[in-house]
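>
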Amino acid sequence: MTQRLAQPRWVAAAGLGLVLLLLLQGVPAFAHDISDSDRAAVAQIVGPAPFAFLYLGAKHMVTGYDHILFLIGVVFFLYRLRDVIIYVSMFTIGHSATLLLGVLLDTGANSYIVDAIIGFSVVYKAFENLGGFRKLGLAINTKLAVLGFGLFHGLGLATKVRDLGLSEDGLLVNLISFNIGVEVGQVVVLAVVVFLLNLWRPSRTFAPGAFYANLALMAGGFLLIGYQLTGYFAS
Amino acid sequence: MTETAPTTPAPPSRKKLLIGSAVALALAAVGLVVFVLPAEYGIDPTGAGKALGLTQLSEGGRENIYLKRGQARTNVLFPLEASGEPKRLVVNEIFAEKGVTLPANAELKSDRFEVELLPYEGIELKYVLDEDAPMWFSWHADGPVNVDMHSHPFAGGTEATESFVIDDLPAQTAIYVAPFNGIHGWYWQNRTMEPVKLTLDAVGLMTGSKIFDPAGEHDRPLAPPRADEGGTNAGGD
Chain A
23 MTQRLAQPRW VAAAGLGLVL LLLLQGVPAF AHDISDSDRA AVAQIVGPAP
73 FAFLYLGAKH MVTGYDHILF LIGVVFFLYR LRDVIIYVSM FTIGHSATLL
123 LGVLLDTGAN SYIVDAIIGF SVVYKAFENL GGFRKLGLAI NTKLAVLGFG
173 LFHGLGLATK VRDLGLSEDG LLVNLISFNI GVEVGQVVVL AVVVFLLNLW
223 RPSRTFAPGA FYANLALMAG GFLLIGYQLT GYFAS
Chain B
169 MTETAPTTPA PPSRKKLLIG SAVALALAAV GLVVFVLPAE YGIDPTGAGK
219 ALGLTQLSEG GRENIYLKRG QARTNVLFPL EASGEPKRLV VNEIFAEKGV
269 TLPANAELKS DRFEVELLPY EGIELKYVLD EDAPMWFSWH ADGPVNVDMH
319 SHPFAGGTEA TESFVIDDLP AQTAIYVAPF NGIHGWYWQN RTMEPVKLTL
369 DAVGLMTGSK IFDPAGEHDR PLAPPRADEG GTNAGGD
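Line by line, the protein sequences give chains A and B. Under our numbering, the residues of the first sequence are numbered 23 to 257, in order. Under our numbering, the residues of the second sequence are numbered 169 to 405, in order.
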């Protein structure tokens, strides 16, 4: 496979550039809430609007750097499609459960705290990728951990949906549409991430690069934690 | 997909892992303190945010003495529930309800101001009010606009400006009682990429109004809404 790629290093560099570009696209929406224009539009929607909410769900995922960082961490060392599907399913079950229940039961979780935990999930995943917990003598069921953090990502999604001020009319349809949209967005993100990682994997730069890439993920997670906790204490 | 397992790199040594994690934490801390906190919350312990011009991105970063001054006042702004279309509104009763007294034989005037703000366009409307003159107002826009409701006395000029509300709002309804002789009103800015239509109705003891736009300051005559527009009715009926 390596031979077919004439210059794997160049491809890897181009791939990383693409990832950066994708991440940068999320920057204008740094607070990563639903944008004001979308909020204004949703405020006028009464009744079921499945495609509008499907789009919003997908958009939230594709522009959601916190979810994307976690997904990169989850699939970083997964090269079998089967493993990718298993882990991503755990994540999907987790976040769908709390997204649906969180909105329907109208539970009030503080979004700063939830988003800080989402940041922590990124740190956790990067540390685990580096074999950190094994080094510390901790045996963690990685699939359960992804499921557990998925629950928090879902709570985060639920608070964003609640912020939209959904009308009761058509709530279930719109909520499920949003959830499906989230999964569509997740598939789009994963397709890109897995593709780029697989391009990079056969290269000689992957082994040393993986260490630094996970440290970068970890730094991003720490940054998110600090950002959200400060927001919590400042508000 | 090929199933030839690419070698997963050997995990780093304990030392390398701990140093790496510490470096990641330190990098995040620096990025947070130097860039994110100043830009997002206006919290700038190192002063780097100010030097880099990041604090201006955050509303909280601008220490606003005008807002502090205005909000220190009581009995100036009495927020009301938006009454939807202010048709056949009995302003006298609202004043009485809020304990705002009108001078004897005061003549209430009414005014309607309508404007469309293009993306990132801003405009300022001010009413001339004497000290203690009350005014009922209600404005609404078809999207949230950034608003600064403020006034300044004729004596003292813009230096003595006081802000009462600085926020992103789609509408505002309240009674305002002028704390001094001067001009009193709003600066609105549309911070979306869509045009926003804004309508203001006011009833009270205004004696005139002024518009401030990029072309400068203009006197504007009060424009009572025509009866067929179903506007606010001054006085009782």
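Just so it is clear, CB atoms sit at the ideal spot from N, CA and C, and this is done for glycine as well. Here the structure is a predicted model, which means the values were calculated and not measured.
#1: Just mark Gly267(B) as buried or exposed, buried being the case when its beta carbon has 16 or more other beta carbons within 10 Å.
#2: I want to verify the contact list: residues of chain B whose CB lies under 9 Å from the CB of Gly153(A), in sequence order.
#3: Quick one: what does DSSP say Thr341(B) is sitting in, helix, strand or coil?
#4: Where DSSP assigns a beta bridge to Gly217(B), which residues make up the other side?
#5: What do you reckon, are the CB atoms on Leu76(A) and Ser199(A) nearer than 7 Å?
#6: Does the segment 282–292 of chain B touch the segment 322–336 of chain B, meaning 3 or more C-beta pairs lie closer than 8 Å?
#7: Express the C-alpha separation of His308(B) and Ala119(A) in angstroms, rounding to a whole number.
#8: Just confirm the distance between the C-beta atoms of Ala138(A) and Ile247(A), as a whole number of angstroms; I'd bet it's less than 8 Å.
#9: Strictly below 9 Å CB to CB, what residues from chain B border Gly253(A)?
#10: For Glu261(B), does the three-state DSSP call read helix, strand or coil?
#11: Assuming contact is defined by CB atoms lying nearer than 7 Å, are Leu169(A) and Gly253(A) in contact in what I supplied?
#12: Taking 7 Å as the limit between beta carbons, can you name the residues of its chain near His89(A), skipping five residues before and five after?
#13: For Met303(B), which residues does DSSP report across the bridge?
#14: What's the call for Asn273(B), buried or exposed, on a 16-neighbour Cβ count within 10 Å?
#15: Leaving out five residues on either side along the sequence, give the residues of the same chain with a beta carbon under 7 Å from the beta carbon of Arg388(B).
#16: Give me the Cα-Cα distance between Thr341(B) and Arg359(B), rounded to the nearest whole angstrom.
#17: Could you work out which residue in Leu127(A), Thr164(A) and Tyr87(A) is closest to Tyr140(A) when comparing CA atoms only?
#18: Since Lys236(B) is in the alpha helix (DSSP H), which residue starts that stretch and which ends it?
#19: At the 7 Å Cβ level, is Tyr249(A) part of the contact set with chain B, yes or no?
#20: With a threshold of 7 Å between beta carbons, is Leu195(B) in contact with chain A?
#21: From Asp185(A) to Ala131(A), what does the alpha carbon distance come to, in whole angstroms?
#22: Against Leu199(B), what residues of chain A qualify as contacts under a CB-to-CB distance less than 8 Å, listed in chain order?
#23: Is there contact between the segment 200–213 of chain B and the segment 235–251 of chain A, where contact requires at least three CB pairs shorter than 8 Å?
#24: Show which residues of chain A have a CB atom less than 7 Å away from the CB atom of Val204(B).
#25: Quick check on the DSSP output: what are the complete alpha helix (DSSP H) runs of length 4 or more inside the segment 164–221 of chain A, in order along the chain?
#26: Kindly list the residues whose CB is nearer than 7 Å to the CB of His386(B), restricted to its own chain and excluding five residues on each side of it in sequence; keep chain order.
#27: Where Ile343(B) and Gly353(B) are concerned, what is the direct C-alpha to C-alpha distance, given to the nearest angstrom?
#28: Between the Cα of Val313(B) and the Cα atoms of Lys277(B), Leu200(B), Pro363(B) and Asp298(B), which residue gives the shortest distance?
#29: Checking contacts by CB at 7 Å: is Ala256(A) closer than that to chain B?
#30: Given a threshold of 16 other Cβ atoms within 10 Å of its Cβ, counted over all protein chains shown, does Pro302(B) qualify as buried or as exposed?
#31: Smallest Cα separation from Glu249(B): which of Arg394(B), Lys218(B) and Trp304(B)?
#32: Would you check if the distance between the CB atom of Val371(B) and the CB atom of Leu276(B) is smaller than 7 Å?
#33: Looking at C-alpha atoms only, which residue of Val215(A), Glu205(A), Ala161(A) and Pro224(A) is the closest neighbour of Phe113(A)?
#34: Inspect the beta-carbon positions of Asn151(A) and Asn236(A) and report whether they are closer than 7 Å.
#35: Per DSSP, Asp385(B) is paired with what?
Concretely, from the data shown:
#1: exposed
#2: Ala178, Pro179, Pro180 and Leu185
#3: strand
#4: In DSSP, Gly217(B) forms no bridge with anything.
#5: yes
#6: no
#7: 39 Å
#8: 5 Å
#9: Glu208 and Tyr209
#10: helix
#11: no
#12: Met83 and His175
#13: Tyr344(B) and Gly372(B)
#14: exposed
#15: Ser377, Lys378 and Ile379
#16: 21 Å
#17: What sits at residue 140(A) in the sequence shown is Ile, not Tyr. Residue Tyr87(A) is the option with its Cα nearest to Ile140(A).
#18: Ile233 to Gln239
#19: yes
#20: yes
#21: 12 Å
#22: Note that residue 199(B) is Gly in the sequence shown here, rather than Leu. Neighbours of Gly199(B) on chain A, chain order: Ala241 and Leu245.
#23: yes
#24: Leu245 and Tyr249
#25: 164–185
#26: Lys378 and Ile379
#27: 12 Å
#28: Pro363(B)
#29: yes
#30: buried
#31: Trp304(B)
#32: yes
#33: Glu205(A)
#34: yes
#35: This sequence places Glu at residue 385(B); Asp is not what is there. Paired residues: Phe380(B).
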